[in-house]
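Notes for the one structure printed next.
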Amino acid sequence: MINAPFDDCKTAALHLADSIQSFGAMLIIDAAGRICAASANSAEWLGQPPSGLLGRPAAGVLPGDMFDSRGAAAFAADAGPFLRPFSHDGQELMAVIHRAGDLLIAEIERRSSSLPLNGWEDALLARGLAALGATRTAEEAGEALMQRVAEITGYDRVMLYRFLPDWHGEVVAEICRPGFESYQGLHFPAGDIPANARRLYQEKRQRIIADVHAEPVPVLAAHAGMAVDLTHSQLRAVHPVHIQYLKNMGVSASFSVSLVVGGRLWGMVACHHFEPRKVGFSSRLLCERLAEMAAIHMGDLQRLDREQSRHRHHVARTQAWLELQALAGGKQGIATQLAHFRAAFAASGAWARLDGCSHVSGEVPDDAGLALLDNWLENQGRQRILARDRIDLQLEKHPSLVRFASGLLYVPLGEQDYLLLMRAEQQQNVDWAGRPPHAADEGEQASELTPRNSFQIWREQIHGHATPWQDSEVEAAGFLRDMLVEFIERVRLERLALTDTLTGLANRAMFERSIQDAIRVSLRDNTRSAVYMMDLDNFKPVNDTYGHAAGDALLVQVAQRLREQVRERDVVARLGGDEFAIIQFRVAGGSEIEAVAARLLEAIRQPYEIQGQVVEIGASIGIAVCPQHASEQHELLECADLAMYKVKNEGRNGFQMFDSRLLPDGSRPQSLRSRLAQAIERDALHFVYQPILHAATHRLWGLEAFARWRHPERGLLEGAELLALAEQHGLLEQFAHWELRQAVQQAGEWQRLGLPLVPLAIRLSAQQFRGVDLAARCAELAALHSISLDWLRLGVDDTILQAGISSAAEQIARLARQGVLVQIDHFGSSLVSLADLAALELDCLKIDGSLLLGQAGKLAAMLEAVARALDVPIVATLVESRAMRHALAERGFGLAQGYAVAPLLEADDVPAWLRAEGRPAE
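The following block contains the structure:
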């Protein structure tokens, strides 16, 4: 015989069977084309017993056209099974031949039908593929396959059986004839299909057992000890344990097709029949082909799901990155993003440990539970991402951990810093088909796999489990870690660059950055910020008498005392030498400011012990308040310096609030902010206009307005600079109102001249778009000027679609109801969700004309395709060279704007363009 008898089912080499099932016969052919083994039932099928076949050329037994003149196979059997129908003694047979190493294995079955198989197969295959194509999830695709297999095979019970991560299985769908027990929703232990069987299911995608009551047929070999790999055999015998397993279920015949998705055994369609049943090879092969197509489709769906998940996580990370960059909280700023991280990962709780500080969001364990969790993580190793969906045995005795942290996704951020995302316990009842081995008493556990006798429903309540983390989520956690580690490193480097190395206070660079923040906050929120400039009095004698080391020690103590006298959010800086400064945000008024100055002075005056010596110093402090005294950095610092020098000139060791009388002439120049505010209020700004043309016909499609301001000293200030100044000085809302008012007034004048109006766009910043009620202002202007606004367009960068999309979408919708549409500028420069974009009512998308050149042209083509799909026009802007204009024509681009297309126009020049509907005749 070939091979050897099976041993324990759990460890047996199931592919090395010594026998076959009785519904066919087997011949094994060596490299010389001679039969070296034959099944004991060969006489029934081929008219000769094994003794008459062994050693004979196979060409004399099987159809001769299957072999060449030398007796070798005349087909590429290694490319897959070769099918050859033939007749023998009135029997219609089918030979299925495949290669196993140097051997050919020929399996002979009866042909089950004389129908024209090709047409029948094609029709069923087409129907199956159509059904698969309509599915949108892997489970739906598996169910569609199950329905086709049931239709083709006609078994009593057909099930979609899915493997879970621990390899136990669940019947997730079923077609069962009336009168037979249903297994839908039942779980089966992993031992029912052990690992060695699963390996075969992955290799051999379809498997039939025609009759569990039939005796296996031995395969006799010409030489003892012959080993033959029957992995791909149709007839391979079944292990007795599995035969008994099916008998215990009352099943007489079975058939299965495997679903291998992404190289992993996802599950199978398993068929049961309660009488012996053999499905023909053509039908089995058709089911296998459908399963392969289903697996490919399921893989595509899984990849699509992963890509969508990756995109969602990328958008969430981008939003978090932008918000972290906007914060001044350093590493602790990560804590502000915990709610976003929870949402992105569908976590119920989040915990961050940053420099020993603990931050939480959502539902998390109590403090005792968090302490236990921290110790447990220490023992797990803190360098790798860890994902768990089941509470650890060491933690399950703490109810708070079981309830809130059964699922953990650990993201290390450094030696001691980490982010921990948690999922709450999901208690569930699992119905098993019979009591699973893990639920048996210890004494009942068996070392060998034996067939189960009971399949009665046994309900188990599962505790300490959470929704599993998907592979794409674990991958996203890795990218999130990289981003946060980069942010932490930037914070560290920035802190080094912005920190005084001696005292640990902010340095001059950080101070100047902070004073800009203070001015911006004061102007935006109508609050006060105070700046304290101070020089230490009598510091030089200490430094000269006791040396630089003593001077440094004194400066360190001064820094500590200053820090103790102000709030956490205030900025204390050492500007150099013995010069210090403090910025206070959101102060109430003069009395509070003077009280702080008095405390600072008193703290500095207290004696210091330096190198065993007691020394005393004082300080001269000058104070200026924004916007009361000034709203520009250099003016504010000048005011504080003037106040400080007044203290010095009057004997030092005191403080002084700035007063305009300190200025040499009792007055000071008008600030840039006040001049810009007056210019906006008095309409001292004006628009210039740039036409947007159809690239092919040069007809006028629309106009874009750009603001200009002629400053008395600085000269002409243009749109981007104006917008930056308005933002810096808290005038964005006033500037937006002026732009809207000016556009409506100008359009009204052109309308009164009888000129046709074309779309006219004004540029707004993302902050203006989010912070100003544009829809309400447009409604007021339309009513005031009795004009429809269906020509008005608002241009805004695509950054408005990166974060806060819902509020932006609401504003866009409100504007659209008045006919005012939004143009998206710089499209393609930022990450934008196309799904979000498709939901918006937009006028056009604008891309940088430089994208039309060189390799960037591919990106331009892609963006144009996106615009076409959204049915939104696309405009190439900044077309400022002949090369760009040539690329426009070459690519057939529709709309263009830029100096190479049309010049900037003063308001008086626009009517001629409107009359000509394009460039006027010279």
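Each residue of the sequence shown is one higher than the last, beginning at 29 in my numbering.
All C-beta atoms in this analysis are idealised placements derived from N, C-alpha and C, irrespective of residue type, glycine included.
According to DSSP, simplified to helix, strand and coil, what is residue i?
| i | result |
| --- | --- |
| residue 486 | strand |
| residue 697 | Residue confidence is low: residue 697 scores 47 on pLDDT, short of 50, so the model does not pin down where it sits. Its coordinate-derived value is still stated next. Correct three-state label for residue 697: coil. |
| residue 741 | coil |
| residue 471 | A caution first: residue 471 carries a pLDDT of 39, below 50, which makes its placement in the model too unreliable to give a value. |
| residue 273 | helix |
| residue 403 | helix |
| residue 414 | strand |
| residue 40 | coil |
| residue 143 | Per-residue confidence for residue 143 stands at a pLDDT of 42, beneath the threshold of 50, marking its modelled position as unreliable; the derived number appears in the next sentence. Coil at residue 143, not helix or strand. |
| residue 447 | strand |
| residue 301 | strand |
| residue 430 | helix |
| residue 662 | helix |
| residue 105 | Note on residue 105: pLDDT 49, under 50, position unreliable in the model; the coordinate value appears next. DSSP places residue 105 in helix when its eight states are reduced to three. |
| residue 934 | coil |
| residue 543 | helix |
| residue 119 | strand |
| residue 267 | coil |
| residue 183 | coil |
| residue 368 | helix |
Whose CA, out of the options, lies closest to the CA of residue i?
| i | options | result |
| --- | --- | --- |
| residue 120 | 308, 129, 59, 223 | 308 |
| residue 619 | 662, 577, 556 | 556 |
| residue 243 | 87, 82, 264, 249 | 264 |
| residue 788 | 848, 838, 839, 803 | 848 |
| residue 45 | 355, 29, 905 | 29 |
| residue 565 | 648, 446, 643, 718 | 648 |
| residue 126 | 229, 230, 262 | 262 |
| residue 459 | 948, 199, 803, 755 | 199 |
| residue 760 | 536, 364, 548, 483 | 548 |
| residue 396 | 419, 423, 390 | 423 |
| residue 779 | 151, 939, 178 | 939 |
| residue 70 | 59, 47, 60 | 47 |
| residue 192 | 292, 50, 39 | 292 |
| residue 582 | 545, 571, 429 | 571 |
| residue 117 | 75, 153, 796, 130 | 75 |
| residue 290 | 409, 272, 323 | 323 |
Using DSSP bridges, identify the partner residues of residue i.
| i | result |
| --- | --- |
| residue 825 | 853 |
| residue 795 | Bridge partners of residue 795: none, in fact. |
| residue 131 | 128 |
| residue 560 | 610, 651 |
| residue 874 | 903 |
| residue 565 | 646 |
| residue 65 | 56, 249 |
Which word fits residue i, buried or exposed, when buried means at least 16 other C-beta atoms lie within 10 angstroms of its C-beta?
| i | result |
| --- | --- |
| residue 115 | exposed |
| residue 672 | buried |
| residue 634 | exposed |
| residue 385 | exposed |
| residue 343 | buried |
| residue 702 | exposed |
| residue 825 | buried |
| residue 697 | Unreliable placement is indicated for residue 697, whose pLDDT of 47 sits below 50; no coordinate value is reported for it. |
| residue 688 | exposed |
| residue 123 | buried |
| residue 948 | exposed |
| residue 510 | exposed |
Starting from residue i, trace the beta strand (DSSP E) in both directions and tell me its first and last residue.
| i | result |
| --- | --- |
| residue 529 | Careful: residue 529 lies outside any beta strand (DSSP E) and carries neither H nor E. |
| residue 457 | 456-461 |
| residue 643 | 641-643 |
| residue 165 | Residue 165 -> no beta strand (DSSP E), and no H or E assigned at all. |
| residue 112 | 110-116 |
| residue 388 | 385-390 |
| residue 722 | 714-722 |
| residue 684 | 682-685 |
| residue 620 | Segment 618-633 is the alpha helix (DSSP H) holding residue 620; no beta strand (DSSP E) there. |
Just curious, the alpha helix (DSSP H) that residue i is in, first and last residue?
| i | result |
| --- | --- |
| residue 342 | 309-354 |
| residue 440 | Looking at the DSSP string, residue 440 is not in any alpha helix (DSSP H); the run it does join, the beta strand (DSSP E), is 435-440. |
Between residue i and chain D, is any beta-carbon pair separated by less than 8 Å?
| i | result |
| --- | --- |
| residue 409 | Chain labels in this structure do not include chain D; a single protein chain is all it has. |
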